[in-house]
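Reading through the structure tokens given below for one structure.
There are 4 protein chains.
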Amino acid sequence: MKAVIKAAAVPGLELRTVADPVPAEGEVILKILSTSLCGTDSHIYQWDNWAQQRIHPPRILGHEMYGEIVAVAKGVTTVQVGDRVAAESHVTCGKCFQCRTGNAHVCKNYKIMGIDRDGSFAEYVALPEQVCWKTAPEIPSDLACLQESLGNSVHAVLTEDVTGHTILVTGCGPTGLFAIAVARTAGAATIFATDISEYRLELARRVGADLAFNPQKADPSVILDQTSGEGVDAALEMSGHPTSIHMCFKYVKNAGRVVLFGIPSANVALDVANEIIFKGIRVHGITGRRLFETWYRLGGLFRAGLDIRPILTHTLPLEEFDKGFDLIHSGQCGKVVMIP
Amino acid sequence: MKAVIKAAAVPGLELRTVADPVPAEGEVILKILSTSLCGTDSHIYQWDNWAQQRIHPPRILGHEMYGEIVAVAKGVTTVQVGDRVAAESHVTCGKCFQCRTGNAHVCKNYKIMGIDRDGSFAEYVALPEQVCWKTAPEIPSDLACLQESLGNSVHAVLTEDVTGHTILVTGCGPTGLFAIAVARTAGAATIFATDISEYRLELARRVGADLAFNPQKADPSVILDQTSGEGVDAALEMSGHPTSIHMCFKYVKNAGRVVLFGIPSANVALDVANEIIFKGIRVHGITGRRLFETWYRLGGLFRAGLDIRPILTHTLPLEEFDKGFDLIHSGQCGKVVMIP
Amino acid sequence: MKAVIKAAAVPGLELRTVADPVPAEGEVILKILSTSLCGTDSHIYQWDNWAQQRIHPPRILGHEMYGEIVAVAKGVTTVQVGDRVAAESHVTCGKCFQCRTGNAHVCKNYKIMGIDRDGSFAEYVALPEQVCWKTAPEIPSDLACLQESLGNSVHAVLTEDVTGHTILVTGCGPTGLFAIAVARTAGAATIFATDISEYRLELARRVGADLAFNPQKADPSVILDQTSGEGVDAALEMSGHPTSIHMCFKYVKNAGRVVLFGIPSANVALDVANEIIFKGIRVHGITGRRLFETWYRLGGLFRAGLDIRPILTHTLPLEEFDKGFDLIHSGQCGKVVMIP
Amino acid sequence: MKAVIKAAAVPGLELRTVADPVPAEGEVILKILSTSLCGTDSHIYQWDNWAQQRIHPPRILGHEMYGEIVAVAKGVTTVQVGDRVAAESHVTCGKCFQCRTGNAHVCKNYKIMGIDRDGSFAEYVALPEQVCWKTAPEIPSDLACLQESLGNSVHAVLTEDVTGHTILVTGCGPTGLFAIAVARTAGAATIFATDISEYRLELARRVGADLAFNPQKADPSVILDQTSGEGVDAALEMSGHPTSIHMCFKYVKNAGRVVLFGIPSANVALDVANEIIFKGIRVHGITGRRLFETWYRLGGLFRAGLDIRPILTHTLPLEEFDKGFDLIHSGQCGKVVMIP
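Protein chains in written order, with the numbering used here: chain R, 18 to 357; chain X, 18 to 357; chain B, 18 to 357; chain Y, 18 to 357.
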């Protein structure tokens, strides 16, 4: 089969013909119908410090996927050939304290598709049964692979109830855009969004931000003006930029909450006293998706009318993966989906 | 001023001319712009057993109100003449355990407007400052008086997060209809609604129920069919009917929740083992509005697009209060608003 | 091996010699060191209506157990020969909605040891790896089998935080006594306990009840006297008796919580309006143990000093099971442990 | 009356004779029976930068107090002459969003006794009725003034349930010591405590720490050794030192929580990705006491057996305030109480 592979410890990726995957006991073979690019893939493409430590070539990339099951190995009982499924990308151990107490999303031994084992930038992938997520046929094939990424935002937004609450989303990359769309569907009162890219601010408005602005050009204190001087009930940090992190702490109201999802590239000097303690706030560190509560909620959000179509801005054949990464590096895109 | 008054311990109400109210220290005078009928008023009108125990005539009825402040007494600091406000109907003591621990909605000493002191079925009413709720000018005057009643439903629906959840609402009287509208705005996945009145089922569909049906005519097990056999995440009982209460316990999923708001007229024989214990569910008894969290959430829901207009089916001059109660007794109405 | 078995669909049990169990893939063989009697076993012994519907003889009874692993089948990875373990008695499916969202204790497909498959009233039992709970060597062997039963009470008591709270426990059978001991260790402010057996009230006092009384002889309103007229923060119903259920609803404070664990033998007529709705309380239906959070908490409670020794009142050889059931029927006991 | 006063904008305090306080409407006069020193008082004594910005001399210091009401002004209804009360030190506005939604501890307009108005280092103090906390006569007079300070720790420890949980407390000053005592009473499984003062580590052991150590001398990884490699469920930061803050983030388990109470004197550079996000933890900023839930819980903890006597290490006459501050600066003390 054809696959996009990190063949050696150098920047870039290659399209190669490789052997078809063979499923182990308890695994299935998924024929990929759609697979999307993530910032993590971009780090591996560019071969930055993090990637050099984490990835052991050769490795087929890709952890956001949707497809049809074409084979099942011994021991598989919950899915069958013909099922259309997305995949939870974290293969958890099921045995650690976290897995046994409802917090498998921070399993200490998890393996990630496309990083610790071969992923979905290919025609086929082998997948443990436990991570298959049957997807309602109403979800279009090209959007269905986005559920893994969307799930991060669902987890972040719904950490606490947002209905009727004022929300700030800093960073309008794909997870920020998903967060806005989810908060809109969830009945947030007012959604503020910030980014420095006008392209992405426009997307933010399309998916439901009430006020999307570039904080380098407009004064963020408009947030106070529009919240009776209170600030927001919840600030969702989806960018990883220190300026945005501080903005979240500044504009969250006393007794509110800050949700941290974006990964900073370096340490951040926080005024712990004034940014956290005296405000009496909660800070939630968010990673991955709650297994599998987030996936169920995500299915419910689609039924509630969640529309993520505007966030899928580009669809490419698998062969044009280089173009996909160029788009991501340019920032002039939402999600980029590839079709093998 | 003119006022609708329970003048004596007999059925019915009378329109009378009475003295204008005089505000005590810390109180304001509200000129009523709109006031709505509630099931409680209907009990008092009919003078049933409950009303005979609870009401001491003469009493001006009415606890759902909106108006303009036309006078403020000594000690008032947070509102002023000209403010347009709705009123929380429960005047709480501020000193009991519940009031001091964030649960003033179950204050053990609260007084209710229109029951324990004169209410809003009049041109003017005296109101303690603490229960005035400044209302955004975007809320139309005739809808603004409905906030008190709507608040019950906001409290009931948002007891736990409903976003992406499946919901059953039993009883499509006004609080049931409000509950459906709130759940819709909050991003509920699927909303089932039941009533025996086709008029109210049609209203339920208009405000967002996905499937509204008469359980005497259609088999409620459709709820299981449409929830993968699970039942709903949350069942909201808004009718007080034993059949509906049992339906909530039957169709809530294991580990789900039942919210009880409707008041049964007699004891209900529950199969505590199978309806509650073995299902591992939570049951929430809901009364009133959380002070004042529910009111803030309610304001946020309006900004999120909550539309309760379809639920206001009749508007009458105050003088036609008898017609209003006839409508309520007929069941061919949503909310009935009176304009003094 | 020798085993206590329900050999036929008639009252009573028999001691028989049966074939040693053979472990399936993923299972272990446990040599039983201690096993305790539960009310459920008593129902099966007496062969009441429930038992006749539920049990398909022949069946080895027993679901509360502790022992040493003497053999492991293929696929077992988390325990090994020589490990000393107790057992979670509910073998859950791992695939249903509840299992996948952290609520496996209400798995819709669970099998119970000693009911749906052979149990621990024997020298050996076959046990799925997933339900083995490694037990700290500090826990004495005769107490270690009580963890399953104790876990019910840990689950019930810690549904919400009890530290500094006033508590009522109705019913001082073993799970009630465990609940008292747990609440005491958890720093409950005042623990009221009721039962009609003076033997059990005395045990209640020994494990930490501040005021244990027979409500047929003493006026329960002493609870109000000793709580500033408020009632308790949490009422834990551990008996299943209607009188006790009503007592819980009566003496819980507004905005408090009632935890229902005891199984009534018939429907209970509740005054839903006054017992639940107007009090604004939460009612928690509790069954089993949260998997495996309750087990971790239970281990932590032992380290915190939880002492359940007084609740183990009788230890018998397995052969004297009839004497054990006689004790349970008499009510003159706490827990009864058998040693094969 | 005599009072300890910051008479001018210079270091130190003075004992002076001043006019007796006169209560405003809604206030009482408290005859001080005991009053304790806090770190905040020490900052004002030393006249550091913070104090110079915050305090406007002349000001009588003192916000931890206990005494007997000797006069009540007009409008007081909930306390009377002869009542013995402690005082909540934060006088909240009752009108802001936080006050109206159960979060008055982060009221945006609160005034602090002994900082914004005259305090308790005197024979008498005027006190708004709302902050009087009737104290059970069982609480000894010299301990009763410690409740305000203890309340901070109760708030911090009980932010989430600690029963059966492993706990790390960094910093064994008075609030750290109180936290240890509270966690012990609440049934924490294992309590680790760190400080660099052997005097305070010894106090930590006396009030219930299982393992109290100086992290400059002993390797903190002992925490992992004793928690199966997991780390603790909750890390409570009570020192404000950056090293301790990082220790909390390092030794909290995935999906655990960090409670920040100690105030750092400068910004802290956090590795937000690895310390918060990838661990999936919650961080709680804690200040003051929940009004008045914390006070009720505190009363319940005393009934549960909470013993804070070992933490009160020095009792002095008011005149020896200089000696009290010397003790605080030396670190060779727990709490220091003064008797006027």
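C-beta atoms are modelled at their ideal positions from N, C-alpha and C, and glycine is treated no differently.
(request) Please report how far the alpha carbon of threonine 260 of chain B lies from the alpha carbon of alanine 20 of chain Y, in whole angstroms. (result) In this structure, the alpha-carbon of threonine 260 of chain B lies about 59 Å from that of alanine 20 of chain Y.
(request) Using a Cβ cut-off of 8 Å, pull out every chain X residue sitting near glycine 359 of chain Y, in sequence order please. (result) Since the first and last residues shown for chain Y are 18 and 357, residue 359 of chain Y lies out of range.
(request) Give the residues of chain Y in contact with alanine 205 of chain B, contact being defined as C-beta atoms less than 9 Å apart. (result) Simply Gly317, Arg320, Ala321.
(message) With the cut-off set at 8 Å, would you say serine 256 of chain X and glycine 317 of chain X are in Cβ contact?
(response) No; because the gap between Cβ atoms is not below 8 Å, this pair is not in contact.
(request) Please check if any C-beta of chain X sits within less than 8 Å of the C-beta of arginine 101 of chain R. (result) no
(request) Can you give me, in chain order, the residues of the region 283-305 of chain B that have a beta carbon less than 9 Å from any beta carbon in chain X? (result) Correct list: Ala283, Asn284, Val285, Ala286, Leu287, Asp288, Val289, Ala290, Glu292, Ile293, Ile294, Phe295, Lys296, Gly297, Ile298, Arg299, Val300, His301, Gly302, Ile303, Thr304, Gly305.
(request) Can you give me, in chain order, the residues of the region 83-97 of chain B that have a beta carbon less than 9 Å from any beta carbon in chain R? (result) Thr94, Thr95
(message) Quick check on asparagine 291 of chain Y: does DSSP put it in helix, strand or coil?
(response) helix
(message) Beta-carbon within less than 6 Å of valine 35 of chain X's beta-carbon, same chain only, minus the 5 sequence neighbours each way: which residues are those?
(response) Result list for valine 35 of chain X: Ala20, in chain order.
(request) Could you list which residues in chain Y have their beta carbon closer than 7 Å to that of glutamate 118 of chain X, in chain order? (result) For the sequence presented, residue 118 of chain X should be read as threonine rather than glutamate. By Cβ distance, chain Y contributes Phe309, Glu310, Tyr313.
(request) Return helix, strand or coil for phenylalanine 342 of chain R, following the three-state DSSP convention. (result) helix
(message) Check this for me: beta carbons of threonine 52 of chain Y and cysteine 149 of chain Y, under 8 Å apart or not?
(response) no
(request) Using a Cβ-Cβ cut-off of less than 8 Å, list which residues of the region 322-345 of chain Y approach chain X; keep chain order. (result) none
(message) Only counting the same chain, and skipping five residues up and downstream in sequence, which positions put a Cβ closer than 7 Å to that of isoleucine 298 of chain X?
(response) Result list for isoleucine 298 of chain X: Val269, Ala272, Gly273, Arg274, Val275, in chain order.
(request) Go ahead and pull the three-state DSSP assignment for cysteine 350 of chain X. (result) coil
(request) Could you name the residues of chain R that threonine 202 of chain X contacts, counting a contact when the two beta carbons are closer than 7 Å? (result) Taking a Cβ-Cβ threshold of 7 Å, the residues of chain R close to threonine 202 of chain X are Gly204, in chain order.
(message) If distances are taken between C-alpha atoms only, which option among R:His60, R:Pro74, R:Pro75 comes closest to alanine 68 of chain R?
(response) R:His60
(request) Go through the region 28-113 of chain X residue by residue and report every complete run of the beta strand (DSSP E) that reaches 3 residues or more, in order. (result) If we require 3 residues or more, the beta strand (DSSP E) runs fully inside the region 28-113 of chain X come out as 31-34, 44-53, 81-89, 101-104.
(request) Can you say whether threonine 94 of chain B is buried or exposed, counting buried as having 16 or more other CB atoms within 10 angstroms of its CB? (result) exposed
(request) Report the residue ranges of all alpha helix (DSSP H) runs contained in full by the region 254-314 of chain Y; include only those spanning at least 4 residues, in chain order. (result) 259-268
(request) Note down, in chain order, every chain X residue with its Cβ under 8 Å from the Cβ of glycine 43 of chain R. (result) One finds nothing in chain X with a Cβ atom closer than 8 Å to the Cβ of glycine 43 of chain R; even the nearest lies about 23 Å away.
(request) Output the distance between the C-alpha atoms of valine 289 of chain Y and serine 166 of chain X, rounded to the nearest integer angstrom. (result) 45 Å
(message) Please list the terminal residues of the continuous alpha helix (DSSP H) segment that includes alanine 161 of chain B.
(response) 158-161
(message) Cβ closer than 7 Å: which chain R residues qualify as neighbours of glutamate 247 of chain Y?
(response) Phe114
(message) Cβ closer than 8 Å: which chain Y residues qualify as neighbours of threonine 260 of chain B?
(response) Near threonine 260 of chain B there are no residues of chain Y at all, since even the closest Cβ is about 27 Å away, more than 8 Å.
(request) Report buried or exposed for valine 39 of chain X, applying the criterion of at least 16 other Cβ atoms within 10 angstroms of its Cβ. (result) It counts as exposed.
(message) Taking only three categories from DSSP, how would you classify isoleucine 356 of chain B?
(response) strand
(message) Counting only beta-carbon separations shorter than 8 Å, does leucine 253 of chain Y have a partner in chain B?
(response) Answer no: the Cβ-Cβ gap between leucine 253 of chain Y and chain B never drops below 8 Å.
(message) Short of 6 Å in beta carbon distance, which residues of its chain neighbour glycine 79 of chain R, apart from the five on each side in sequence? Order them along the chain.
(response) Thr52, Gly131, Gly136, Ser137, Phe138
(request) State the DSSP-derived secondary structure class of histidine 331 of chain Y, mapped to helix, strand or coil. (result) strand
(message) Run through chain X and tell me which residues come within less than 7 Å of proline 281 of chain B, C-beta to C-beta.
(response) Val289, Ala290
(request) Run the CB neighbour count on aspartate 242 of chain B, radius 10 Å, all protein chains shown included, and call it buried at 16 or more, exposed below. (result) exposed
(message) For isoleucine 262 of chain B, which residues in the same chain have their Cβ closer than 6 Å to its Cβ, ignoring the five residues on either side in sequence?
(response) So the list reads Glu254, Val285, once near-sequence residues are dropped.
(request) For my contact list, aspartate 178 of chain Y and aspartate 178 of chain B are in at a C-beta cut-off of 8 Å; report their separation, rounded to the angstrom. (result) 4 Å
(request) Run the CB neighbour count on lysine 91 of chain Y, radius 10 Å, all protein chains shown included, and call it buried at 16 or more, exposed below. (result) By the neighbour-count rule (16 or more Cβ atoms within 10 Å), lysine 91 of chain Y is not buried but exposed.
(message) Please tell me whether valine 123 of chain B has its Cβ less than 8 Å away from any Cβ of chain X.
(response) Taking CB atoms only, valine 123 of chain B has a neighbour in chain X less than 8 Å away.
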